[in-house]
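Going down the list, the sequences are from chains E and V.
Residues are numbered in this note's numbering as their position in the first sequence, beginning at 1, plus a constant of 19.
Residues are numbered in this note's numbering as their position in the second sequence, beginning at 1, plus a constant of 14.
Read the structure below first, then the notes.
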Amino acid sequence: MSDEVTIPSVESVSGTGVAIRGNDIDTDQIIPARFMKVVTFDGLGEFAFFDQRFTDDDSQKEHPLNEPAHQDASVMVTNANFGCGSSREHAPQALMRWGIDAFIGESFAEIFAGNCLALGMPTLEADTETVETLQSWVEANPDGEIDIDVANETVTYDGKTVDVTVDDAQRKALVEGVWDTTALMKANAEAVRETAESLPYVEDGKRV
Amino acid sequence: MSEGTLYDKVWDRHTVTRLPTGQDQLFVGLHLIHEVTSPQAFGMLQERDLEVAYPDLTHATVDHIVPTSSKERPYTDDAAEEMMAELEANVRESGIEFSHPDTGEQGIVHVIGPEQGLTQPGTTIVCGDSHTSTHGAFGALAFGIGTSQIRDVLATGTIAMEKQKVRKIEVTGELGDSVEAKDIILEIIRRLGTEGGVGYVYEYAGEAIENLDMEGRMSICNMSIEGGARAGYINPDETTYEWLEGRDRVPEGEAFEERKKYWESVRSDDDAEYDDVVTIDASELEPVVTWGTTPGQGVGVTEPIPEPESLADDKVETARRAQKHMRVEPGETMEGYPIDVAFLGSCTNARLPDLRRAARLVKGRTVDPNVRAMVVPGSQQVKKAAEEEGLDEIFIEAGFDWRGAGCSMCLGMNEDQLEGDEACASSSNRNFVGRQGSKDGRTVLMNPRMVVAAAINGAVTDVRTMKEVTINE
Chain E
20 MSDEVTIPSV ESVSGTGVAI RGNDIDTDQI IPARFMKVVT FDGLGEFAFF
70 DQRFTDDDSQ KEHPLNEPAH QDASVMVTNA NFGCGSSREH APQALMRWGI
120 DAFIGESFAE IFAGNCLALG MPTLEADTET VETLQSWVEA NPDGEIDIDV
170 ANETVTYDGK TVDVTVDDAQ RKALVEGVWD TTALMKANAE AVRETAESLP
220 YVEDGKRV
Chain V
15 MSEGTLYDKV WDRHTVTRLP TGQDQLFVGL HLIHEVTSPQ AFGMLQERDL
65 EVAYPDLTHA TVDHIVPTSS KERPYTDDAA EEMMAELEAN VRESGIEFSH
115 PDTGEQGIVH VIGPEQGLTQ PGTTIVCGDS HTSTHGAFGA LAFGIGTSQI
165 RDVLATGTIA MEKQKVRKIE VTGELGDSVE AKDIILEIIR RLGTEGGVGY
215 VYEYAGEAIE NLDMEGRMSI CNMSIEGGAR AGYINPDETT YEWLEGRDRV
265 PEGEAFEERK KYWESVRSDD DAEYDDVVTI DASELEPVVT WGTTPGQGVG
315 VTEPIPEPES LADDKVETAR RAQKHMRVEP GETMEGYPID VAFLGSCTNA
365 RLPDLRRAAR LVKGRTVDPN VRAMVVPGSQ QVKKAAEEEG LDEIFIEAGF
415 DWRGAGCSMC LGMNEDQLEG DEACASSSNR NFVGRQGSKD GRTVLMNPRM
465 VVAAAINGAV TDVRTMKEVT INE
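As structure tokens, this is what we get:
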């Protein structure tokens, strides 16, 4: 039953990082469409950034996600407009299943950020300099710990704390554990019906 | 914040309540589903023992994986067959209407919604597909959503969203000869950037927009997302109402006149307030083609490809990479860029008027022998109507492959894919690396007439230099 779904609050995320450099990284790069011919999200992790990571004969290319030192990373550090393009939730699902729990970047495409929120993954934003400094540090310190405080909008690493920003609704949803909106909205079923019936094009839950 | 815009009015009418997150819970008037992004959502519903709350406001079709060569089942691709079978089972169990290939009403979800009169002004529309913004052409609020949000909509008939800012994009003046809606939107994205619309919905307005037919308006709203805007819309007007009248699922007679009053009431007020206003002069535009690997990397067909260093700092590296991938040189024009494949299709440009305009250019000409050219109508109905006009014969005689309806080579999820480093003149919406099925493939976005001109000449061509014939329609 829906009542049994427990939604954990996501006040903080800690772990090592991996830097994915470049602006406008689209969801076709994150998960090429040919890997979406599936009816579940299981097993998508191995296909994350597939075409950047593997050659035609499946041998590994140089890519941060292929580096042994980054295999346990849980914080992905990205640049501007990350996740643009298609609405495919397969993209954050693939990254989550690869091991990512949170993103820090210059900016995120809206649908991508919304999809991440629906999975309980924060997308934190910071200015170019802050992000690039963190990316360089992550590359030099693949086993360096990053502590994200979602509630206070800070990231701590290398003995220092920097400010990041989180969209208000996202912060509230994560910190208060209300990011899975199904049960939340289901509880308003009566109000939903009233709204529906107030519209000129709906009657008895049908289109008129 | 904006006030008195269509966005504000339709948002307010559909708001159920404010959620603890600060988001609004919005009622969804039409939920369109397809085979790629919905199966996992139905799975999540089952896990939670939930049912579809508003099956009568939900409508399904199959488009992404559907073969365009044959309707025969089972599909030769096992994965495609599994996805189709899953969708069939899900809609059957939930009592959702399905524009199945056997009904003759199947097609790309953003083509069939309007075609069947499902898409109407003043409604809210969502679909697990970023090009849902297309439906904004009718003055609907239409957004692409992810699979977890599909679960929300299936289970509750609503979606949690934050209200966004509204940018009015005023396109003044008249479009020049052979310049189309597609060129307007490519120009908008080029100027405002692929991320320029993040946080905004776009209201397209102005003389050049008002003069467009509904199909042109759909092409524009379709690509809102390529400019970062999750939704784009155009205020409904007489062109909209005329297009809708008489379609299935649109009220008739007096009921139509009554509904029209509602549609009129949601138009943006003359004194509406916007968060931003941008003006573009349509008369300055020429056909736009992309030289790179984002839809924002466009250029007029006779203009020089920019030097990466001449672009904004944050665009330099992306441009360098894109030019290397595309093998183009700054300073040169895209005119004459050799192509191997021509794709006339997709939810951006595969409607009847697109095919008609292209056919006028194709008639009496032949496709370059080195080019693989295909026309993929946006829906079975578009295909049928085109065949009734004899457009299929024109394309076939010229050497085009005339295929069945679907997303096809826009994203290469069926057998229609680029091979190796083929270059494709494409009427679709995305030129991302790997988008058309080959990671080395090269996509050049352009309007549909430019696509067939490229097919005929084997290279990107300024369509304004070609004459067209009149076809008795």
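Think of the CB as a built atom: it goes at the ideal place given N, C-alpha and C, for glycine as much as any other residue.
Residues of the region 404-438 of chain V that bring their beta carbon within less than 8 angstroms of a beta carbon in chain E comprise L425, G426, M427, in sequence order. Under the three-state reduction of DSSP output, P383(V) falls in the coil class, being neither helix nor strand.
Between F101(E) and F131(E), the C-beta gap is smaller than 8 angstroms, which places the two residues in contact. In terms of beta-carbon proximity, R263(V) lines the interface with chain E, with at least one pair separated by less than 8 angstroms. Of the other Cβ atoms in all chains shown, 16 or more fall within 10 Å of the Cβ of P83(E); this residue is therefore buried. When the alpha-carbon of L114(E) is set against those of L138(E), E125(E), N98(E), the nearest one is in L138(E).
Contact between S233(V) and Y216(V) fails: their C-beta atoms lie close to 14 angstroms from each other, not under 8 angstroms. Listed in chain order, the beta strand (DSSP E) runs fully inside the region 74-162 of chain V are 111-113, 138-141, 155-158, counting runs of at least 3 residues.
For L299(V), no chain E residue has a C-beta closer than 9 angstroms to its own C-beta; the minimum C-beta separation is roughly 24 angstroms.
Fewer than three beta-carbon pairs drawn from the region 150-166 of chain V and the region 199-207 of chain V are found closer than 8 angstroms, and the two stretches are therefore not classed as touching. One alpha carbon belongs to I47(V), the other to E222(E), and they sit about 22 angstroms apart. Taken through DSSP and simplified to helix, strand or coil, Y68(V) comes out as coil. Between the C-alpha atoms of A74(V) and R263(V) there is a straight-line separation of about 15 angstroms.
Here W416(V) carries a strand assignment [DSSP, helix/strand/coil]. In the DSSP assignment, A208(E) falls outside any beta strand (DSSP E) and within the unbroken alpha helix (DSSP H) covering 208-217.
In this structure, V180(V) sits away from Y218(V), with a CB-CB distance that is not shorter than 8 angstroms.
In the DSSP assignment, R32(V) falls within the beta strand (DSSP E) that extends over 29-32.
The alpha-carbon separation between I26(E) and F56(V) amounts to approximately 19 angstroms.
Contact check for L200(V) against P309(V) passes: the beta carbons are separated by less than 8 angstroms. Legend: CB atoms of the region 243-276 of chain V lying less than 7 angstroms from CB atoms of chain E belong to residues R244, R263, R273, Y276. Rounded to whole angstroms, the separation of the alpha carbons of K377(V) and D430(V) is 25 angstroms. Apart from sequence neighbours up to five positions away, the residues of its chain that approach G104(E) with a beta-carbon distance below 8 angstroms are D45, T46, D47, A128, ordered along the chain. Under DSSP, Q79(E) takes part in a beta bridge, and its partners are F73(E). Approximately 11 angstroms separates the beta-carbon atoms of L405(V) and L358(V); this is outside 8 angstroms, ruling out the contact.
In the DSSP assignment, the residues bridged to V355(V) are R386(V), C438(V). According to the DSSP secondary-structure assignment, L459(V) is paired through a beta bridge with S440(V). Ranked by Cα distance from L143(E), the options H109(E), A188(E), P219(E) are led by A188(E). Going by beta carbons, D354(V) and A412(V) fall outside the 8 angstroms limit.
For K225(E), the secondary structure class from DSSP, reduced to helix, strand or coil, is strand. Distance from the CA atom of M175(V) to the CA atom of M15(V), rounded to whole angstroms, is 16 angstroms. Chain E places no beta carbon closer than 8 angstroms to that of E482(V), leaving this residue out of the contacts. Legend: CB atoms of the region 61-83 of chain V lying less than 9 angstroms from CB atoms of chain E belong to residues E61, R62, D63, L64, A67, Y68, P69, D70, L71, H78, I79.
T161(V) is positioned such that its CB atom lies no closer than 8 angstroms to that of G190(V).
If only uninterrupted alpha helix (DSSP H) runs of at least 4 residues are considered, those enclosed by the region 123-165 of chain E are 129-137, 147-159. Looking from the CA of A206(E), the closest CA among K398(V), A387(V), P34(V) belongs to P34(V).
With respect to chain E, the C-beta atom of K338(V) has no partner C-beta closer than 8 angstroms.
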